[in-house]
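The structure appears right after this line, and notes come after that.
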Amino acid sequence: MAISHDSNLDNSPILQVDFEKNKGLSLSTIWKPLEAIACKTYRRSIIMTLKPSFLNPSSKPRKVHPTSWLDGVRGYASFFVFLFHFQHCFNFRWLVGYGSEDRGGNNYGFTQLPIIRLTYAGQANVAIFWVLSGISLSLKPIELARSKSWEKFLDAMFSSIFRRGMRLYIPVLIVQTCVLIAACLGFYNHAWELTQEWPFEGVNETQFEIFETSMQQITDWIQAMLELLNPFIQTFPKYDIHLWTIQREFQYSMILFVALVGFAKLRPRIRITLTAGLFAYCMKVGQGDIALFIAGMGLAEFLQIRVQNAEHAERLPSIEKHTEENQNHVPTVFWCVLLYIGLHLLSWPYEGAETSPGYIALSNAFTDFNSEEDQRQVIGDQCRRVGAAVFLFSLCGCEWFRKPFLTSTAMYLGKISFPLYILHGPVNHVIGHPLVEFIWTLTGNETPFLYSFGIGLAFTISAVVVVWLSDIVSRVVDAPSVRFGRSLQEKWSY
22 MAISHDSNLD NSPILQVDFE KNKGLSLSTI WKPLEAIACK TYRRSIIMTL
72 KPSFLNPSSK PRKVHPTSWL DGVRGYASFF VFLFHFQHCF NFRWLVGYGS
122 EDRGGNNYGF TQLPIIRLTY AGQANVAIFW VLSGISLSLK PIELARSKSW
172 EKFLDAMFSS IFRRGMRLYI PVLIVQTCVL IAACLGFYNH AWELTQEWPF
222 EGVNETQFEI FETSMQQITD WIQAMLELLN PFIQTFPKYD IHLWTIQREF
272 QYSMILFVAL VGFAKLRPRI RITLTAGLFA YCMKVGQGDI ALFIAGMGLA
322 EFLQIRVQNA EHAERLPSIE KHTEENQNHV PTVFWCVLLY IGLHLLSWPY
372 EGAETSPGYI ALSNAFTDFN SEEDQRQVIG DQCRRVGAAV FLFSLCGCEW
422 FRKPFLTSTA MYLGKISFPL YILHGPVNHV IGHPLVEFIW TLTGNETPFL
472 YSFGIGLAFT ISAVVVVWLS DIVSRVVDAP SVRFGRSLQE KWSY
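Residue numbers (the numbering used here): 22 to 515.
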């Protein structure tokens, strides 16, 4: 029915009812439920971010690959470096070998024993890092080179070189930005005061200066970060001295990539021979850390050979397969001896090797060539490097030795190993060291037991904080930085 010209639309019952319904609605009425939902979602998102991944029932267990044990070794090594950097601030006993006469003698602590001391031996675990990096970065290129897949080899090398800097530096710069913010907010003030009058009996780690204004702090931080990003110099970054390894990791990775490309088209036996020669040359000219990357390259080839031999044996008839396995079998006792040699050399004391049982003969043999004090330190470094290469060689050769590094704990530490490494320094300075002081005010530190108790309790609390923060950074920073590098590569490449 048509509406007449003089009809009053405002009085229309239907329109009036609709109007009355809408009249009661306001922005606040609509917004409040949405705000509640948004706040609830936001809170849930924050809680899920702060919640450690191992407490999340929906998290899937990591798939175990043939080389997953490498992550387990890296995880333990990273945690042991954290322990080293915590405890070395409180005593010097870690320097001295078991039974040594150095530093007043009486060096018979359980933790000073060979192999046991590896749980807090910083340089030994860093040497393991270098070999692991060499293996991880070389596995794919070596596999492609052995299969003569040259186009894929080129793609793999391009990807590794292009993404390496982002992989290393993006998480570091984000964490260091948090350090800068903490410094500007005053969280580092006490850490700075401690370094001025060091109250502990161990190493006084280098600590960056706290400036009067935030602008001065930011300017100093930018300069420090520019030095850290410079691949042509070697520095000890003052905002976290432990990050010296990041700069060298990038440098040595590039050298390794050059070696991989340069040796790629060589026949395997020649490539293996030249790799061994390059390792020996780097050790001879004092570039032992680069030598460890090259050792990792050689071990990657060894792993590929073992995989190919296993695949070849699987395709053989049962009788021939049994014969083949017997011919290629290396006695377990050989790998056991090799494992012990590697661990023993890795445990080389920083001081007092010439009077420490198990190292006296070796130390005297080496010092017969050069008895200068600084050369003794070089000898120790070189022995630890050889030990790292031999230790990982034994793991590559014997699957049974890998089992401790395939546990859930090892896999988890491997997942958070990089964040753990770049976070533990700031946590030690801001939380760990002041916490030791606080505990001592409650318990005292007059006896060796109370002194050690305060350190042990503070480390336990700090370890919980470091692992928790590392878990968060692993998910929020580390993994996204890897994805960012890959997406950038896909967008910018042909």
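From the three backbone atoms N, C-alpha and C, an ideal C-beta is built for every residue, glycine too.
These numbers come from a predicted model, not from an experiment.
When the alpha-carbon of K424 is set against those of F75, T88, I400, the nearest one is in T88. Exposed is the label assigned to Y129, since fewer than 16 other Cβ atoms lie within 10 Å of its Cβ. Within the model, the alpha-carbon separation for A297 versus V279 is close to 16 angstroms.
Nearest in C-alpha terms to A410, of all of E375, K173, V488, G317, is G317. Of the residues R504, Y260, D492, the one whose Cα lies closest to the Cα of V451 is Y260.
Its chain contains R188 as the residues whose beta carbon lies nearer than 7 angstroms to that of V503, once the 5 sequence neighbours on both sides are disregarded; these appear in chain order. Here the alpha carbons of W171 and P501 stand approximately 30 angstroms from one another.
Pairing L413 with F422 gives a Cβ-Cβ distance that is not under 8 angstroms. Rounded to the nearest whole angstrom, the C-alpha separation of L366 and C404 is 6 angstroms.
In this structure, the straight-line span from the alpha carbon of L295 to that of V498 is close to 39 angstroms.
Counting other Cβ atoms within 10 Å of its Cβ, M304 reaches 16 or more and is therefore classed as buried. Rounded to whole angstroms, the gap between the alpha carbons of R269 and S157 is 16 angstroms. Selection F271, Y433, F257, I137 evaluated against I191 yields F271 as nearest (Cα-Cα).
R83 and M432 have their C-alpha atoms roughly 8 angstroms apart. Residue burial annotation: S159 is buried, with at least 16 other C-beta atoms found within 10 angstroms of its C-beta.
In this model, F103 and F284 are separated by some 36 angstroms (Cα to Cα). Straight-line spacing of the CA atoms in E122 and S377 works out to 8 angstroms. Nearest in C-alpha terms to S473, of all of F111, F426, M178, Q308, is F111.
The C-alpha of N466 lies about 12 angstroms from the C-alpha of G477. With respect to Q237, W213 sits apart: the two C-beta atoms are not nearer than 8 angstroms. When the Cα atoms are used, R124 and V224 turn out to be separated by approximately 15 angstroms. Nearest to L456 by alpha-carbon distance, out of Q108, F179, I262, I482, is I482. Ranked by Cα distance from E420, the first of V487, V351, G118 is V351. For E372, the secondary structure class from DSSP, reduced to helix, strand or coil, is strand. In its chain, beyond the 5 residues on either side, no residue has a beta carbon closer than 6 angstroms to the beta carbon of P289. Note: V117 is bridge-paired with E372 in the DSSP secondary-structure output. One Cα belongs to A148, the other to F105, and the distance between them is close to 14 angstroms. Around the beta carbon of L71, fewer than 16 other beta carbons lie within 10 angstroms, which makes this residue exposed. Within 10 angstroms of the beta-carbon of F355 lie fewer than 16 other beta-carbons, which makes it exposed. By the C-beta density criterion, H86 is exposed, having fewer than 16 other C-beta atoms within 10 angstroms. Across the structure, T234 and P258 are spaced so that their CA atoms are roughly 21 angstroms apart.
Taken in chain order, no unbroken stretch of beta strand (DSSP E) lies wholly in the segment 133-185 with a span of 3 residues or more. Closest in alpha carbon position to A142, among A166, I493, F107, is F107.
S514 carries a coil assignment under DSSP once its states are collapsed to helix, strand and coil. Taking 8 angstroms as the cut-off, the Cβ atoms of P440 and S495 count as close. The beta carbon of V328 sits closer than 6 angstroms to no other beta carbon from its chain once the five residues preceding and following it are set aside.
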